[in-house]
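Residue numbers (this note's numbering), protein chains in the order written: chain A, 1 to 270; chain B, 271 to 537.
All C-beta atoms in this analysis are idealised placements derived from N, C-alpha and C, irrespective of residue type, glycine included.
Owing to the predicted nature of the structure, the values given are computational and were not obtained by experimental measurement.
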């Protein structure tokens, strides 16, 4: 039998999916064991049990000085920056994408500009943002917006252009104005794509957020990681990394569920 | 003056002629089938009738009106595919034929209720009331085209344009769709243009069958000349011409002949 025709049964599929996770855990545990055996004070690969203890401490115990639980404070600060930036980007890209996709006049006006804009490396603009917007929240949110909006805009404009011409003609023969075509034909069909775009760009958004927080911040998940790096606190860093990964995973899952619930027609053909 | 007037229409893309010198008169209520080889400009002609494109030369008018610059409610259309909105349910697709004509795109309150009732009546008429809540993607090809025709007719266009509407359907469904379309036409008396690849279908449904072809052919540059209407057939009465000529020209009726008495006389 050819390899391309060989698919796993359900239990085997679950087992195969678990293999990489288990392998990484075992490799880490073994490496940590070896280093700790050589030097019990080693900080580079803390034992899994140490990480667990640190995690429990970080999630439940308050800061000695202020009494606040820093991890939750960091999470709140980072998530509000991230979601704020993503929400602004999504709204901007939706409006510009629809206008560029539907109106040839605006396509001529903006598509070249957006294409050039999306080539600017956003992180190179970070110093400018800090100079212009200061070190507060604004510059971090603006970095996320600048980082992901051009890509989302281009993709959404393309999606609008991908709507079959027949549908636009049909809507016109039913008497639809440009506004009605935008609101009732184009918008409902690009909204699922908008959510897919948000899911795709969340990774970049995290990257820009953590980069901005690493450079200048007083609170935030990225800030904390780079802060404790000075003390080689690998257990704290790893806890934060796992926590960020979990947050990203949950956000992605929530968006997927939203897409399924909100756009039942997408799956009607399946 | 005829209902639809096409006068010396030319269309070219980037210097390549697609159709040339097309002149046509169609009376209200006629069903015109358009046939021809692939790439001979049948669909281009339909798009011109739809005002989706504007000809480089010539005019097309409906009922003596102005030359249209963009598609509108006057001219309904059904394409081979993508004719219904995938994000609307079957009923919403029919309601959209009324709702899209408003300023906001939505109907509210009493207007919405009555529109839904009318939509349900139309769905019952086209045999789709049992799937009113479903999305088009879950319907068969024949059902989708029935929905597309129902949607187009709900907007009450003066001309219905069909671009190979049954091209993607299996033969059995196709025959059902022919009956369906024939019935609807008997009810609405609408003027219909249909582009088809299927000659049998074109003659079965049409009152007139137009053939598009290139009358001029340059062997060095096949794209130089466009196609035009090269033949026209009267497809009424099973394609047999002159079946009603006596109604039109009563003077041609044979006169009552005198009794052939002389023949009976002995010589």
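So, does the CB of residue i fall closer than 8 Å to a CB anywhere in chain B?
i, result
"residue 97(A)", "no"
"residue 160(A)", "no"
"residue 269(A)", "At residue 269(A) the pLDDT is 48, less than 50, meaning the model places this residue with poor confidence; the figure from the coordinates comes in the next sentence. So yes, residue 269(A) belongs to the interface."
"residue 261(A)", "no"
"residue 176(A)", "yes"
"residue 190(A)", "no"
"residue 183(A)", "yes"
"residue 265(A)", "yes"
"residue 164(A)", "yes"
"residue 171(A)", "yes"
"residue 241(A)", "no"
Taking all protein chains shown into account, do 16 or more other C-beta atoms lie within 10 angstroms of the C-beta of residue i, making it buried, or fewer, making it exposed?
i, result
"residue 486(B)", "exposed"
"residue 322(B)", "buried"
"residue 501(B)", "exposed"
"residue 160(A)", "buried"
"residue 152(A)", "buried"
"residue 218(A)", "exposed"
"residue 167(A)", "buried"
"residue 254(A)", "exposed"
"residue 93(A)", "buried"
"residue 422(B)", "buried"
"residue 522(B)", "exposed"
"residue 341(B)", "buried"
"residue 140(A)", "buried"
"residue 270(A)", "Its pLDDT being 45, under 50, residue 270(A) is placed unreliably by the model, and nothing is read from it."
"residue 271(A)", "There is no way to answer for residue 271(A), as the model of chain A reaches only from 1 to 270."
Spell out whether any CB of chain A is found under 8 Å from the CB atom of residue i.
i, result
"residue 342(B)", "yes"
"residue 494(B)", "no"
"residue 357(B)", "yes"
"residue 521(B)", "no"
"residue 439(B)", "no"
"residue 320(B)", "yes"
"residue 366(B)", "yes"
"residue 407(B)", "yes"
"residue 283(B)", "no"
"residue 505(B)", "no"
"residue 399(B)", "no"
"residue 325(B)", "no"
"residue 345(B)", "yes"
"residue 489(B)", "no"
In angstroms, rounded to a whole number, what distance separates the CA positions of residue i and residue j?
i, j, result
"residue 52(A)", "residue 236(A)", "10 Å"
"residue 71(A)", "residue 77(A)", "10 Å"
"residue 458(B)", "residue 490(B)", "48 Å"
"residue 256(A)", "residue 198(A)", "10 Å"
"residue 215(A)", "residue 205(A)", "16 Å"
"residue 504(B)", "residue 384(B)", "42 Å"
"residue 276(A)", "residue 240(A)", "Beyond the ends of chain A as shown, which are 1 and 270, falls residue 276(A); an answer cannot be given."
"residue 450(B)", "residue 121(A)", "59 Å"
"residue 65(A)", "residue 202(A)", "34 Å"
"residue 329(B)", "residue 318(B)", "10 Å"
"residue 356(B)", "residue 265(A)", "7 Å"
"residue 179(A)", "residue 425(B)", "19 Å"
"residue 13(A)", "residue 165(A)", "42 Å"
"residue 259(A)", "residue 99(A)", "23 Å"
"residue 29(A)", "residue 42(A)", "14 Å"
"residue 186(A)", "residue 350(B)", "20 Å"
"residue 345(B)", "residue 136(A)", "58 Å"
"residue 405(B)", "residue 87(A)", "30 Å"
Does DSSP put residue i in a helix, a strand or coil?
i, result
"residue 317(B)", "helix"
"residue 15(A)", "helix"
"residue 551(B)", "An answer regarding residue 551(B) cannot be provided, because it is not within the stretch 271 to 537 covered by chain B."
"residue 359(B)", "coil"
"residue 276(B)", "strand"
"residue 326(B)", "coil"
"residue 480(B)", "strand"
"residue 69(A)", "coil"
"residue 52(A)", "helix"
"residue 350(B)", "coil"
"residue 9(A)", "coil"
"residue 306(B)", "strand"
"residue 24(A)", "helix"
Under the criterion of a Cβ to heavy atom distance below 7 Å, does residue i qualify as lining the ligand SAM?
i, result
"residue 187(A)", "For the structure depicted, the ligand SAM is absent and the ligand set is empty, with no information on it obtainable."
Sequence ranges, alpha helix (DSSP H) only - wholly within the region 157–194 of chain A, length at least 4: The region 157–194 of chain A contains these whole alpha helix (DSSP H) runs: 165–173.
Quick check on the DSSP output: what are the complete alpha helix (DSSP H) runs of length 4 or more inside the region 103–163 of chain A, in order along the chain? Every alpha helix (DSSP H) stretch that sits fully inside the region 103–163 of chain A and reaches 4 residues is listed by chain position as 104–117, 126–133, 137–162.
At what residue ranges does the region 223–270 of chain A contain a whole run of the alpha helix (DSSP H), taking only runs of 4 or more? Whole alpha helix (DSSP H) segments, 4+ residues: 234–262.
Kindly provide the ranges of any alpha helix (DSSP H) runs that are 4 or more residues long and lie completely inside the region 382–432 of chain B, ordered along the chain. Segments of the alpha helix (DSSP H) lying fully in the region 382–432 of chain B: 411–424.
Unbroken alpha helix (DSSP H) runs of length 4 or more, entirely within the region 492–533 of chain B: which are they? Listed in chain order, the complete alpha helix (DSSP H) runs (minimum 4 residues) inside the region 492–533 of chain B are 515–518.
Short-range partners of chain E found in the region 369–393 of chain B, where Cβ spacing is below 9 Å: No chain E is part of this structure, whose protein chains are labelled A and B.
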